[in-house]
Amino acid sequence: MSPETKPAHKEYRVCTKRIWKSGPRRIKRVAWGVTAQRNGKQVRRFREEWTKEDAERAFSEGTLGSEGKRSIQDDEERSVPLLAFFGKATPLAAIRTRRVAEYRMARRATTSRLGRPLAPATVNREVALLRSILRMALAWDELERVPVFEMTKEQGKQRYLALDEITRLLAACAESRSRLLLAIVTVALHTGLRKGELLRLIWERVDFARSVIALGRQTKSGKGRDVPINQAVYGALAPLRAAAGGQDASGRVWGALRDIAPRTARRSPGRRSSTPT
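The sequence shown: position 68 = 87 (the numbering used here), numbered continuously.
What follows is the structure, given as structure tokens:
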């Protein structure tokens, strides 16, 4: 059959909600996701931390086929300089190794809002996003080859809070008008969860019976791990769980975090926050 007479594959997408029970205690779990057909290949992705809008956005923005994605918002932000440099109308096939290297050099010469050169890690994350998009295009037979990608060497920094800094931080959180800030910071300090893992934490992952937070494949590496719950973490989460329905609590631990955002919204124009970043 010639290419001219070969029938085109039907493309579709269906946003669905999965509900099931797992584990010895038959805990109810919920996940939104998308089943899509593209170029004759079916792609199915479900995430327990996704809302319906997250699932739709993941498909429409081309991040559905990327394994291990934990933050669609991060990808949206990283795509801004990529689109500005390469151009929205540029075919993927036109992005070659030399252009990728030129992008890296251009971004390293760019300064941040604080007037500092962009960190190598920032540029690497942007380039990694571009690489994942091109690899997905290759898997979908929309690209013949992927350019060679070189990453800038990163120098890691380690900074730990001193005991007096922790004491002052928790005291400031306790005085906050947010009912969640103290609990969030307490859990962060005692578990070492990454920002994405912490803010998208769901009650189905919090196992008081085993005294662990079972992250499953929700981690950055895509590998499951259990994080111990000590007395401080239990004390921070237990009242919230009781308010959310006790053992039947489900969904995000922190809700939509709406009671934290208004503090920024109420800040008067030109006023700078005294909270260190």
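Virtual Cβ for every residue (Gly too), placed ideally from N, Cα, C.
Computed from a predicted structure; not experimentally measured.
Pull up the distance between the alpha-carbon of residue i and that of residue j, whole angstroms please.
| i | j | result |
| --- | --- | --- |
| Tyr-253 | Leu-188 | 19 Å |
| Gly-134 | Ala-193 | 33 Å |
| Ala-251 | Ser-230 | 12 Å |
| Ala-108 | Ile-114 | 12 Å |
| Ala-181 | His-209 | 14 Å |
| Ala-138 | Ala-228 | 42 Å |
| Gly-243 | Glu-216 | 12 Å |
| Ala-128 | Pro-166 | 22 Å |
| Val-206 | Asn-249 | 9 Å |
| Gly-264 | Val-204 | 22 Å |
| Leu-234 | Ser-269 | 15 Å |
| Tyr-179 | Ala-103 | 37 Å |
| Arg-196 | Gln-177 | 31 Å |
| Met-155 | Thr-70 | 23 Å |
| Ala-261 | Pro-110 | 53 Å |
| Asp-267 | Glu-223 | 9 Å |
| Gly-274 | Ala-191 | 22 Å |
| Gly-106 | Asp-183 | 49 Å |
| Ile-232 | Lys-214 | 15 Å |
State the beta-bridge partners of residue i as determined by DSSP.
| i | result |
| --- | --- |
| Asp-245 | Ala-233 |
| Gly-254 | DSSP, once it has assigned bridges, lists no residue as partnering Gly-254. |
| Arg-260 | Arg-260 pairs with nothing; no bridge assigned. |
| Arg-271 | Ile-221 |
| Asp-10 | Residue 10 is absent from the model: the chain starts at 20 and stops at 296. |
| Thr-130 | Pro-136 |
Within a Cβ cutoff of 8 Å, which residues of the same chain sit near residue i, ignoring the five residues on either side of it in sequence?
| i | result |
| --- | --- |
| Val-146 | Val-119, Tyr-122, Arg-123, Phe-168 and Met-170 |
| Ala-112 | Leu-162 and Glu-163 |
| Pro-136 | Arg-127, Ala-128, Thr-129 and Thr-130 |
| Leu-153 | Leu-111, Ile-114, Leu-162, Val-165 and Pro-166 |
In chain order, what residues of the same chain have a beta carbon less than 6 Å from the beta carbon of residue i, not counting five sequence neighbours either side?
| i | result |
| --- | --- |
| Glu-163 | none |
| Arg-309 | Lying outside 20 to 296, the shown extent of the chain, residue 309 is not represented and no answer is given. |
| Ser-85 | Because Ser-85 carries a pLDDT of 46, less than 50, the predicted location of this residue cannot be relied on, and the following value inherits that uncertainty. Ser-151. |
| Glu-173 | Pro-139 and Ala-140 |
| Thr-116 | Pro-166 and Val-167 |
| Leu-218 | none |
I need the boundaries of the alpha helix (DSSP H) containing residue i, first residue and last residue.
| i | result |
| --- | --- |
| Ser-151 | 139-158 |
| Glu-121 | 116-127 |
| Arg-187 | 182-193 |
| Ile-203 | 200-210 |
| Leu-217 | 214-218 |
Rounded C-beta distance between residue i and residue j? I'm assuming under 8 Å.
| i | j | result |
| --- | --- | --- |
| Leu-201 | Val-225 | About 17 Å separates the two Cβ atoms, so there is no contact after all. |
| Val-272 | Ile-221 | 6 Å |
| Asp-94 | Leu-157 | The Cβ separation is near 18 Å, so there is no contact. |
| Arg-126 | Pro-100 | 6 Å |
| Leu-212 | Val-246 | 7 Å |
Cutting at 7 Å between CB atoms, please list the residues of its own chain near residue i, excluding the five before and the five after it.
| i | result |
| --- | --- |
| Leu-259 | Ala-202 and Val-272 |
| Thr-35 | Gly-52 and Thr-54 |
| Arg-144 | Arg-97 |
| Ile-185 | Leu-208 |
| Gln-92 | none |
Hey, would you say the C-beta of residue i is under 7 Å away from at least one heavy atom of the ligand GTP?
| i | result |
| --- | --- |
| Tyr-179 | This structure simply doesn't include the ligand GTP, nor any ligand for that matter. |
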